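Engineer: Numbered per numbering that gives the first Met the number 0, the sequence shown spans residues 0 to 337. Cβ atoms here follow ideal geometry from the backbone N, Cα and C, with glycine treated the same way. Keep in mind that this is a model prediction, so the values were computed, not measured. I have a structure I would like to understand better, so I am pasting it below and will then ask my questions one at a time.
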Amino acid sequence: MSDISMAKENTSPDGKDGAAPKRGRLDRLRFRKKELPTGLWLKCEHCEATIYRKEVVEKSYTCPSCDFHFTMPGRDRVRHTLDAGSWEELFPDLTAMDRLHFVDSGPYGDKIERTVQRTGQNEALIAGRGEIHGRPVILGVMDFKFLGGSMGEVVGEKIALACDVARLEKRPLVLFTASGGARMHEGMLSLMQMAKTCSALSSLQEAGGFAICVLTHPTTGGVTASFAMVCDLTLAEPGALIGFAGPRVIASTIKQELPPGFQRSEFLLEKGQIDAIVSRDDMRETLANLIDYGTYAWDEIGTRRVTIPGMEVEPVASEEAAAAGVEAADRDADETTG
Ligand SMILES: [Zn+2]
0 MSDISMAKEN
10 TSPDGKDGAA
20 PKRGRLDRLR
30 FRKKELPTGL
40 WLKCEHCEAT
50 IYRKEVVEKS
60 YTCPSCDFHF
70 TMPGRDRVRH
80 TLDAGSWEEL
90 FPDLTAMDRL
100 HFVDSGPYGD
110 KIERTVQRTG
120 QNEALIAGRG
130 EIHGRPVILG
140 VMDFKFLGGS
150 MGEVVGEKIA
160 LACDVARLEK
170 RPLVLFTASG
180 GARMHEGMLS
190 LMQMAKTCSA
200 LSSLQEAGGF
210 AICVLTHPTT
220 GGVTASFAMV
230 CDLTLAEPGA
240 LIGFAGPRVI
250 ASTIKQELPP
260 GFQRSEFLLE
270 KGQIDAIVSR
280 DDMRETLANL
290 IDYGTYAWDE
300 IGTRRVTIPG
310 MEVEPVASEE
320 AAAAGVEAAD
330 RDADETTG
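This is the structure we're talking about:
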């Protein structure tokens, strides 16, 4: 099974597929020269426009010229998703153990230490309690800047714990993924998280819980192949790269040219692999709406018990609703029998 090599390939720091080829000193210099000064400007990977970084951040990490949704840092995602002041982090102290004493370019333990210092957080998943338009939720957010958002023992454990808390406290679970897949440094232990997270979600669903997963750019490898695809609802942000293996690996394996738009959200929606594409601007309202549907926040005549500012609905008269229901049922019967 080559998931480990795929995870390695997908977690390259630039978020592109394929392990970076070894560069000579000259190549490195040329590469640096082409790069824009970091901190001020960046190049949109979709429309290639040169854009002012501050403007991108102010627009919730979307491109001002083509609306491409960039990978959002975990903490910003939490702030963007939840009501101000409602966040309460859970299990922030869990850190990875280098049980295999894994060494690649350096010891895995050292890499973890450096990443913790650089990012100011202990792992690639942030979990906690919070509210979305007043609806209590358990939120789990993957952070791509922590070793490519890769799933090792701690990420798996925190997702399983988040499922448990959601089940015990009867709160809906909302997950955001941004990941290169299983963390190769933890070998088989990271692959085991695929089964563990799915099993925890299954327990939540059996207990009548409700889970939504939002796939963001990029979501690949063992994360796509496990918990990200088995929630009650699977949403995605526009233009997000979502897949298992990288497109180059697939193209060279099946020896065929891949169709345009392959592995992007829009392609996946067309093929029925995801339920909806939701833009970042509409995310909070959509999640609040779906939580209401998933947790029966509607009374018998279709009136919302709780309202979202700006999204008040007109109550539907029960007779009218019943008539519409009968009509639809008749039509369905005609179509299936005719
Ligand atoms: Zn753009």
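1. Taking PRO217 as part of the alpha helix (DSSP H), name the residues at either end of that continuous run.
2. Do ARG76 and VAL140 come within 8 angstroms of each other at the CB atom, strictly closer than that value?
3. Quick one: what's got a C-beta closer than 6 angstroms to PRO135's C-beta in the same chain, skipping five residues either side?
4. Assuming PRO237 contacts HIS68 (C-beta within less than 8 angstroms), just tell me the rounded distance between them.
5. Could you check which residue in ASP231, GLU284, GLY271, THR219 has the C-alpha nearest to that of ALA206?
6. Would you list, in sequence order, the uninterrupted alpha helix (DSSP H) runs of no fewer than 4 residues that lie entirely inside the stretch 86–127?
7. Ligand 1 and ALA206: does the residue's C-beta get closer than 7 angstroms to at least one heavy atom of that ligand?
8. The beta strand (DSSP E) with GLY139 in it runs from where to where?
9. What separation, rounded to the nearest whole angstrom, lies between the Cα atoms of ALA210 and VAL173?
10. Helix, strand or coil for GLY129, going by three-state DSSP, please let me know.
11. List, from N- to C-terminal side, the beta strand (DSSP E) runs of 3 residues or more that fit wholly inside the stretch 211–293.
12. What are the boundary residues of the beta strand (DSSP E) that LEU41 is part of?
13. Which first and last residues belong to the beta strand (DSSP E) in which THR49 is found?
14. Could you pull out every unbroken alpha helix (DSSP H) segment of at least 4 residues lying fully inside the stretch 133–198, listed in chain order?
15. Going along the chain, which residues of its own chain have a beta-carbon closer than 8 angstroms to the beta-carbon of ILE344, five neighbours each way excluded?
16. For THR70, name the three-state secondary structure that DSSP assigns.
17. Going by the beta-carbon positions, is the gap between ASP142 and GLY148 smaller than 8 angstroms?
18. Going by the CB atoms, is the gap between PRO246 and PHE261 shorter than 8 angstroms?
19. Verify whether the separation of the beta carbon atoms of GLU122 and VAL164 is less than 8 angstroms.
20. Looking at ARG166: is its Cβ nearer than 8 angstroms to the Cβ of GLY208?
21. May I ask you to check if the CB of VAL45 is nearer than 7 angstroms to at least one heavy atom of ligand 1?
22. Determine the closest residue to THR94 out of PHE243, LYS157, ARG78, with distance taken between C-alpha atoms.
23. Taking the beta carbon of ARG117 as the centre, do at least 16 other beta carbons fall within 10 Å, making it buried, or is it exposed?
24. Using only the alpha-carbon positions, how far apart do PRO72 and ARG78 sit?
Structural biologist: Quick look at the numbers:
1. Mapped onto the sequence shown, residue 217 falls at position 218. DSSP places PRO217 in no alpha helix (DSSP H) but in the uninterrupted beta strand (DSSP E) bounded by 210–218.
2. Position 141 of the sequence shown, counted from the first residue, corresponds to residue 140. Position 77 of the sequence shown, counted from the first residue, corresponds to residue 76. Cβ atoms of VAL140 and ARG76: closer than 8 angstroms.
3. Residue 135 sits at position 136 when you count from the first residue of the sequence shown. Contacts found: ARG170.
4. Counted from its first residue, the sequence shown places residue 237 at position 238. Counted from its first residue, the sequence shown places residue 68 at position 69. Right, their Cβ atoms sit about 6 angstroms apart.
5. Here residue 206 is taken as the residue at index 207 of the sequence shown, counted from 1. Closest by C-alpha distance to ALA206, out of ASP231, GLU284, GLY271, THR219, is ASP231.
6. Counting whole runs of 4 or more residues, the stretch 86–127 contains the alpha helix (DSSP H) stretches 107–118.
7. To locate residue 206, count along the sequence shown from 1; it is residue 207. For ligand 1, not one heavy atom lies less than 7 angstroms from the Cβ of ALA206.
8. Against the sequence shown, residue 139 aligns to sequence position 140. Here the beta strand (DSSP E) through GLY139 covers 134–141.
9. Counting from one through the sequence shown, the residue named residue 210 turns up at place 211. Counting from one through the sequence shown, the residue named residue 173 turns up at place 174. Each residue's Cα considered, the two are about 6 angstroms apart.
10. Numbered from its first residue, the sequence shown carries residue 129 at position 130. Three-state DSSP puts GLY129 in a strand.
11. Those beta strand (DSSP E) runs which fall completely within the stretch 211–293 and span 3+ residues are 232–235.
12. In the sequence shown, counting from the first residue as 1, residue 41 sits at position 42. Unbroken beta strand (DSSP E) run through LEU41: 40–42.
13. Counting from 1 along the sequence shown, the entry for residue 49 is found at position 50. For THR49, the enclosing beta strand (DSSP E) starts and ends at 49–51.
14. Taken in chain order, the whole alpha helix (DSSP H) runs of length 4 or more contained in the stretch 133–198 are 152–168.
15. In the structure as shown, the chain starts at 0 and stops at 337, and residue 344 therefore has no counterpart that could be examined.
16. Walking along the sequence shown from the start, residue 70 turns up at place 71. THR70 carries a coil assignment under DSSP once its states are collapsed to helix, strand and coil.
17. Here residue 142 refers to the residue found at position 143 of the sequence shown. Here residue 148 refers to the residue found at position 149 of the sequence shown. Yes, Cβ-Cβ distance for ASP142 and GLY148 is below 8 angstroms.
18. Here residue 261 refers to the residue found at position 262 of the sequence shown. Here residue 246 refers to the residue found at position 247 of the sequence shown. Their beta carbons are under 8 angstroms apart, which means PHE261 touches PRO246 by this criterion.
19. Position 123 of the sequence shown, counted from the start, is the residue given in the question as residue 122. Position 165 of the sequence shown, counted from the start, is the residue given in the question as residue 164. No, Cβ-Cβ distance for GLU122 and VAL164 is not below 8 angstroms.
20. The count along the sequence shown starts at 1 and reaches residue 166 at position 167. The count along the sequence shown starts at 1 and reaches residue 208 at position 209. Yes, Cβ-Cβ distance for ARG166 and GLY208 is below 8 angstroms.
21. Here residue 45 refers to the residue found at position 46 of the sequence shown. The question names Val, yet the displayed sequence has His at residue 45. Checking the Cβ of HIS45 against ligand 1 gives yes.
22. As a position in the sequence shown, residue 94 is number 95, starting the count at 1. For THR94, the nearest C-alpha among the options comes from LYS157.
23. For the purposes of this step, residue 117 is taken as the residue at position 118 of the sequence shown. Answer is exposed; the Cβ neighbour count stays below 16.
24. Position 73 of the sequence shown, counting from 1, holds the residue named residue 72. Position 79 of the sequence shown, counting from 1, holds the residue named residue 78. Approximately 10 angstroms between the Cα atoms of the pair.
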